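Below is one structure, written out as structure tokens; the observations come after it.
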Amino acid sequence: MRRVRRTAAVAAALTIGGLLVPAAPAALAAPHPVAPTPVLAPAPALAAPDIPVANVKAHLSQLQSIASSNGGNRAHGRAGYKASLDYVKGKLDAAGFTTTVQQFTSSGATGYNLIADWPGGDTGQTVMAGSHLDSVTSGPGINDNGSGSAAVLETALAVSREQFKPAKHLRFAWWGAEELGLVGSKYYVNNLPSSERSKISGYLNFDMIGSPNPGYFVYDDNTALEKVFKDYYAGLNIPTEIETEGDGRSDHAPFKNVGIAVGGLFSGADYTKTSAQAQKWGGTAGQPFDRCYHSSCDTTANINDTALDRNSDAIAYAIWNLAAGSTTPPGGVFENTDDVAVPDNGAAVTSTVNVTGRTGNAPSNLKVDVDIRHTWRGDLVVDLLAPDGTAFRLKNSSSNDSADDVIASYTVNASAKAANGAWKLRVQDVAAQDTGYINSWKLTF
Ligand code: DTR
Ligand code: ZN
Ligand code: ZN
Ligand code: CA
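Counting from 23, one number per residue, gives the positions in the sequence shown under our numbering.
Structure follows, in structure tokens:
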């Protein structure tokens with residue numbers, strides 16, 4: 023039996039943390055929220071060094087030789103993978119990085135992640151870039167993913183050559199066993215204490231960035247990180263597209279799943295380039311971006327030098343500009359725009375934002391903006407959870423509030439709570455019929 027709708031009071035006053043604060047009236051039919059505030063304070067673009075594509079290709083030649091000398095591949099559990107890792111580690115150790123090899127087991131074989139920290143910078147705000155170093159067993163994996171591994175390596179070596187001293191800490195990573203299901207990156211994230219996770223202000227992933235019939239795709243998981251890459255390509259007057267085939271298909275996924283901002287670049291795999299894409303990017307329509315994807319022909323001949331060069335320079339541009347930010351963003355805005363379904367009359371669900379780079383405790387006027395779409399908002403109970411689990415009630419349920427949606431701002435006195443960490447919005451639908459989803463929410467410090 024359908025519920026009978028009644029007009030409902032729109033405004034509400036709430037007591038949160040002992041502070042009586044008026045909740046901004048939830049607009050009954052508010053327009054879709056404006057584009058989210060960038061996570062990072064806008065800063066003038068920094069000139070990053072050019073990454074010599076010849077150097078990147080020299081790394082690819084080394085990886086090719088390693089594969090050729092080890093059964094034709096660089097796969098997890100095979101000699102070619104460990105030889106690849108030793109090559110990359112040797113270059114980084116010689117360049118002054120602090121390297122760590124993290125071991126794990128997968129499919130009965132030992133796997134290895136390589137982590138390289140560049141000494142200095144605020145470790146409370148770590149900018150991370152990574153790529154998987156393993157190939158499939160069927161070939162040397164030069165585009166997938168020697169290209170990302172070599173470009174990240176050469177960017178790290180450029181940091182050393184330039185003796186770059188950014189405000190934020192830099193960390194680079196080469197993952198094992200990605201082809202087995204993101205095993206190495208999952209192991210890293212799962213073994214990272216939440217206090218360490220909250221120090222990672224962003225993770226950039228580079229998996230296939232030299233495809234022979236290239237596209238220029240940018241991950242759209244985080245607005246600010248997406249913007250950095252789009253700005254770079256706009257400077258080259260090269261149109262980009264949103265990377266849509268990769269959600270969950272590469273090493274950014276474990277980071278995103280714990281609320282860390284992620285971004286990255288992709289030049290395409292086995293999908294076919296359309297004529298519209300060939301029009302704007304060149305190359306061959308009707309052919310895959312990489313016809314040697316996961317094949318034995320993924321060799322050094324399977325690389326488009328221009329795409330490799332442009333993407334390598336884009337990585338350096340992103341690193342220089344993301345790491346140079348101020349040590350504490352003046353007005354930190356932390357947002358999650360992922361949709362989260364709220365089960366009807368069911369269990370509570372949560373959406374996480376990972377606050378990093380703040381110092382001390384949260385403010386007494388912490389602003390919480392929520393955008394929850396629902397067809398009977400009286401069903402909903404909404405809480406803000408601090409990183410230590412403390413709940414701040416934002417909205418109570420009410421049987422007579424039949425209006426749509428909760429699009430509102432709340433102010434919370436969170437001054438007793440540390441600012442950095444995983445903050446969650448918790449939403450529960452406590453009455454049968456009608457349902458909805460978390461559209462987005464954000465914290466403004
Ligand atoms: N997961 C990569 C290939 C891949 C396929 N689609 C995407 C999208 C975004 C990043 C990577 C990929 C692999 O096979 O290693
Ligand atoms: Zn692959
Ligand atoms: Zn890959
Ligand atoms: Ca309901």
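Quick reminder that beta carbons are idealized off the backbone N, C-alpha and C, glycines included. In this text, all values refer to a predicted model and were calculated from it rather than measured experimentally.
Buried/exposed call for residue i, threshold 16 Cβ in 10 Å
| i | result |
| --- | --- |
| residue 247 | buried |
| residue 331 | buried |
| residue 299 | buried |
| residue 436 | buried |
| residue 183 | exposed |
| residue 382 | exposed |
| residue 305 | buried |
Heavy atom of ligand 2 within 7 Å of residue i beta-carbon
| i | result |
| --- | --- |
| residue 98 | no |
| residue 201 | yes |
| residue 377 | no |
| residue 158 | yes |
| residue 144 | no |
| residue 166 | yes |
Identified DSSP bridge partners for residue i
| i | result |
| --- | --- |
| residue 362 | 460 |
| residue 371 | 449 |
| residue 402 | 451 |
| residue 136 | 123 and 196 |
| residue 151 | 194 and 226 |
| residue 434 | 388 |
| residue 294 | 310 |
| residue 395 | 459 |
| residue 383 | 440 |
| residue 239 | 263 and 288 |
| residue 407 | 413 and 446 |
Member of the options whose CA lies at the smallest distance from the CA of residue i
| i | options | result |
| --- | --- | --- |
| residue 149 | 284, 365 and 385 | 284 |
| residue 464 | 160, 446 and 450 | 446 |
| residue 424 | 400, 290 and 442 | 400 |
| residue 292 | 144, 340 and 237 | 237 |
Unbroken beta strand (DSSP E) run spanning residue i, endpoints
| i | result |
| --- | --- |
| residue 445 | 443 to 451 |
| residue 285 | 284 to 288 |
| residue 226 | 222 to 228 |
| residue 413 | 413 to 417 |
Residue range of the unbroken alpha helix (DSSP H) whose run includes residue i
| i | result |
| --- | --- |
| residue 125 | Per DSSP, residue 125 belongs to no alpha helix (DSSP H); it is in the beta strand (DSSP E), 120 to 128. |
| residue 115 | 101 to 116 |
| residue 337 | 327 to 345 |
| residue 251 | 245 to 257 |
| residue 170 | 170 to 184 |
| residue 218 | 216 to 219 |
| residue 88 | 75 to 90 |
| residue 207 | 205 to 212 |
Heavy atom of ligand 3 within 7 Å of residue i beta-carbon
| i | result |
| --- | --- |
| residue 272 | yes |
| residue 516 | This structure cannot settle anything about residue 516, because the visible part of the chain is limited to 23 through 467. |
| residue 327 | no |
Any non-hydrogen atom of ligand 1 closer than 7 Å to residue i Cβ
| i | result |
| --- | --- |
| residue 268 | yes |
| residue 243 | no |
| residue 229 | yes |
| residue 265 | yes |
| residue 195 | no |
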